[in-house]
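J.:
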Amino acid sequence: MLGWAAAAALPWLVNLWSRRRHVDVSWAASELLMTAVRQRSRRLKLRELLLLSLRAAILLLAALAAAQPRWHAAGSTGQAARIHHVLVVDQSSSMASQMENGTRLESAKRQAARIVRDAPAGDAFSVIGWAADAENVLGRPAFDEQPALAAIASLEAADTTAQIASAQRTVEAAISDARKNFPDLASRIVFLSDLAANTWSPARSLPTEQGNEVSQAWKRLSEGAAIALVNVDETRRSNLAVTAVRVDPAAPIINEPMTVAVDVEGFGTTAPVSARLELLVDGKPSGVQDAALQPRQKRVVSFQTRLALPGGHVVQALLRVDGDPLPRDDSRWLSVEALRVQKALCIADRPGQAIDVARALNPRFDQPAPTGRIKVDIAGAASISATDLSQYDAAFVCNVAELTPRDQRLLIRYATAGGALAILLGDRVRPACYNELFSQVDPLQAPSGPLVPLSIAAAPAGGQWRLDPLGYRHPIAAPFAGRPRSGLAAVRVSRYFPVQVLDAARVEIPLALDSGDPAMIVADCGRGRAAVVTVNPALQSAGEPWSSLAVSPSFVPLMRKLFQHLTTTRRAERLNRLAGEPLPDEGIGSWTNPDGQLTTPPGDTRQAGVYHFAPRGTPTPGPAAGRQSLAVAINVDPRESDLSFIEVSEVGGLLRDPEEQASVIGSPGAGRPLAGYLLALAAVLSVLESTAAWLLGRGSA
22 MLGWAAAAAL PWLVNLWSRR RHVDVSWAAS ELLMTAVRQR SRRLKLRELL
72 LLSLRAAILL LAALAAAQPR WHAAGSTGQA ARIHHVLVVD QSSSMASQME
122 NGTRLESAKR QAARIVRDAP AGDAFSVIGW AADAENVLGR PAFDEQPALA
172 AIASLEAADT TAQIASAQRT VEAAISDARK NFPDLASRIV FLSDLAANTW
222 SPARSLPTEQ GNEVSQAWKR LSEGAAIALV NVDETRRSNL AVTAVRVDPA
272 APIINEPMTV AVDVEGFGTT APVSARLELL VDGKPSGVQD AALQPRQKRV
322 VSFQTRLALP GGHVVQALLR VDGDPLPRDD SRWLSVEALR VQKALCIADR
372 PGQAIDVARA LNPRFDQPAP TGRIKVDIAG AASISATDLS QYDAAFVCNV
422 AELTPRDQRL LIRYATAGGA LAILLGDRVR PACYNELFSQ VDPLQAPSGP
472 LVPLSIAAAP AGGQWRLDPL GYRHPIAAPF AGRPRSGLAA VRVSRYFPVQ
522 VLDAARVEIP LALDSGDPAM IVADCGRGRA AVVTVNPALQ SAGEPWSSLA
572 VSPSFVPLMR KLFQHLTTTR RAERLNRLAG EPLPDEGIGS WTNPDGQLTT
622 PPGDTRQAGV YHFAPRGTPT PGPAAGRQSL AVAINVDPRE SDLSFIEVSE
672 VGGLLRDPEE QASVIGSPGA GRPLAGYLLA LAAVLSVLES TAAWLLGRGS
722 A
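For the sequence shown, the positions run 22 to 722 when the numbering used here is used.
1) Check residue 456 in the structure and name its three-state DSSP category.
2) Out of 280, 333, 339, which one is the CA nearest neighbour of residue 297?
3) Taking its Cβ as the centre, do 16 or more other Cβ atoms sit within 10 Å of residue 319, making it buried, or is it exposed?
4) At the level of alpha carbons, what is the spacing between residue 597 and residue 333?
5) Would you decide whether residue 409 is buried or exposed? Buried here means 16 or more other CB atoms lie within 10 Å of its CB.
6) Tell me whether the beta-carbon of residue 363 lies closer than 7 angstroms to the beta-carbon of residue 405.
7) Tell me which residue opens and which closes the beta strand (DSSP E) that residue 517 is part of.
8) Going straight from the alpha carbon of residue 402 to that of residue 421, what length do you get?
9) From the DSSP output, read off the bridge partner residues of residue 651.
10) Short of 6 angstroms in beta carbon distance, which residues of its chain neighbour residue 444, apart from the five on each side in sequence? Order them along the chain.
11) Drop a sphere of 10 angstroms on the beta-carbon of residue 356, count the other beta-carbons inside from all chains shown, and report buried for 16 or more, exposed for fewer.
12) How big is the Cα-Cα spacing for residue 151 and residue 503?
13) Work out the CA separation of residue 488 and residue 601 for me, nearest whole Å.
14) Can you say whether residue 255 is buried or exposed, counting buried as having 16 or more other CB atoms within 10 angstroms of its CB?
15) Go through its chain and collect everything with a Cβ distance to residue 527's Cβ below 6 angstroms, but skip five positions before and after it.
16) Taking residue 216 as the reference, which of 705, 113, 715, 426 has the closest Cα?
17) Put residue 690 into one of helix, strand or coil per three-state DSSP.
18) Give a single yes or no on whether residue 189 has its beta carbon closer than 6 angstroms to a heavy atom of the ligand NAP.
19) Run through DSSP, which three-state label would residue 358 get?
20) Use the C-beta contact count for residue 691: other C-beta atoms within 10 angstroms, 16 or more gives buried, fewer gives exposed.
21) So, at 8 angstroms on beta carbons, what are the nonlocal neighbours of residue 143 in its own chain, with the 5 sequence-adjacent residues on each side left out?
22) Counting along the chain, where does the beta strand (DSSP E) carrying residue 258 start and finish?
23) For the putative contact between residue 666 and residue 252, defined by C-beta atoms under 8 angstroms, what is the C-beta separation to the nearest angstrom?
24) Buried or exposed for residue 311, please, with buried defined as at least 16 other CB atoms from any protein chain shown within 10 angstroms of its CB.
25) For residue 556, which of helix, strand or coil comes out of DSSP?
26) Can you give me the start and stop residues for the alpha helix (DSSP H) that residue 536 sits inside?
27) In whole angstroms, what is the alpha-carbon distance linking residue 162 and residue 592?
28) Ignoring anything shorter than 3 residues, give me the beta strand (DSSP E) runs that lie fully in the region 334–404, in order along the chain.
29) Give a yes or no on whether the C-beta atoms belonging to residue 352 and residue 326 are separated by under 7 angstroms.
30) Start and end of the beta strand (DSSP E) containing residue 489?
31) Which runs of the alpha helix (DSSP H), 4 residues or longer, sit entirely within the region 156–205?
32) I'd like to know whether the C-beta atoms of residue 192 and residue 107 end up nearer to each other than 7 angstroms.
33) Whose C-alpha, out of 286, 160, 391, 459, is nearest the C-alpha of residue 660?
34) Does the beta-carbon of residue 264 have 16 or more other beta-carbons within 10 angstroms, so that it is buried, or is it exposed?
35) Apply the 10 Å Cβ neighbour rule to residue 609 and answer buried if 16 or more other Cβ atoms are within range, or exposed otherwise.
36) Restricting to Cα atoms, I'd like to know which of 84, 257, 655, 614 is closest to residue 125.
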């Protein structure tokens, strides 16, 4: 500023430097002439002084404008309360979408940096990066703008969603910490986001009744601080994305045909969009198809391929489209495991008690050369300890009376290590034995809790009931929707074991009875999954009627859906996750992220791509390790592909009015900026100087 102010003195210096020097010589004629000249020069000096003053004022105003001065109202100068600016920057996947001048996140960072620079000396700053979790980057308020600017510059877009509740908790903690250490600070919160409907819908017209976490947090924040929402991109943008990749069959068999179905969806499109979809298997091209979309259309594009080797494979769908604002969702990965054949073991006290389940899984299981995708073996309960359970994808315990402590340990270890265990209760079951089984914990998988958190009643209940599919909400029951006569609702039940669920958060209930008791309970245990069926499928057992399930048309598809949910679906859930979710616990070994860098579970999965795991003693994880490397696909949540946003006014019930929001964004503690006024005055003086020069020059001509 001092340099610019010095420039205002240049016209004076030039004038002094250019003064003409002369020697006085007395001469009557010249004296008369000089008298007239002196009279005229007085008038010229006044005119030149006026022009010189105008030119100097123009330069001085420009110098002052460059210094960004601000106007403080009376009483708000140095005595104003210091402000704690809490800047919450959205880092979710949609913030990586392109605008005319960079990404949404870059725009948010520029606006946050402007707030920091415009704040007066003495103000404090907290910078919160916000995606699946919210992090206070600085840890505690910073009173120097340089750390705040560095924290803002360090923020990068993640491939995750953003959760309002996590941001609110971090903001409350930052404000609480600041008030403890700096009680004189007033709080101002600025959310810089694209206000994506996916993220902000929970905050739309929120009720304020007790118990609503998001609503109550907004209420607490708005009572103790000024809040503003900044939409960094108010342009409605279209986007094309790959939202899902599926394979059929879900558990592909090597060298058999496999269909890969890819969902391509257009969000906000107003005109047909041309695109090309490529399929890659283990990084090698496997097919290309046209993926043109009509406005707001969802299209399924199918490919046919085969997997030649058993073990893990990665299928990638890659969308090629020009001008797409969000390239991150144009690629999606699916990790699948190819099998030679799926195998199931049915365990029973007598082989006849497992026949119904075995035939449901494979009607030709007992032929000399059985065919089908599931190979079924039947074993006696006494041979569990002599059987290698690890070679089976699932084990069905069919109405077994009692399990020895050793058998219980083997079954628990099998399930928690990644196997699928289904227990079908019946007339031979001794509840005390199974309650002991369900309550046990595998020492190697202790965090997962007991095998199945439930307790069986001491005796079965008798009566007349029907199965209740509970609205067909669960994946096991969903295929039966719309078939009331031949489906699950037509199954009659005469006896079943009532159970008490001990941890509702850990279990799924696909089926119930119209008495309200569960008929099927599913629980994750370690790396595997277990299910308990409280109804004996047999029409009669020991002369007692149980159910019509085994003779129902729904029995075969139900057992196969149960098998698939326990095995294939569980395996797919372990190998395919959304960005931000933890990596599966695979024991001792090493992980690499999509960039090939080593990471440690649960790992930072904010970056979409393929993460590789190799057990200890095997080569470094990655594609080069071949079948020994476990591949886990991390994908963008498809909800982030919708770039539509809500209006700030839709959350206005818990915020201040628009004028106050504008003042919060502009840092009211810093005063009103005067640069614009100074530049406008300089422009007026420039016009006035030009006019005066023309008029004065004309008058002296």
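Cβ atoms here follow ideal geometry from the backbone N, Cα and C, with glycine treated the same way.
T.: The answer reads as follows:
1) helix
2) 339
3) exposed
4) 12 angstroms
5) exposed
6) no
7) 513–517
8) 7 angstroms
9) 634
10) 418, 553
11) buried
12) 43 angstroms
13) 38 angstroms
14) exposed
15) 474, 544
16) 113
17) Below a pLDDT of 50, predicted positions are generally treated as unreliable, and residue 690, at 45, falls in that range; the measurement from the model is reported next regardless. Note: residue 690 maps to helix in three-state DSSP.
18) With respect to the ligand NAP, the structure offers nothing, as it holds no ligand at all.
19) strand
20) Caution is warranted here: a pLDDT of 46 is assigned to residue 691, below 50, making its placement in the model unreliable, and the coordinate value is therefore given only provisionally. Buried is the call here.
21) 103, 164
22) Neither: residue 258 is in no beta strand (DSSP E) and is coded neither H nor E.
23) 6 angstroms
24) exposed
25) coil
26) Neither: residue 536 is in no alpha helix (DSSP H) and is coded neither H nor E.
27) 45 angstroms
28) 352–359, 363–369, 395–401
29) no
30) 482–489
31) 166–174, 185–202
32) yes
33) 286
34) buried
35) exposed
36) 257
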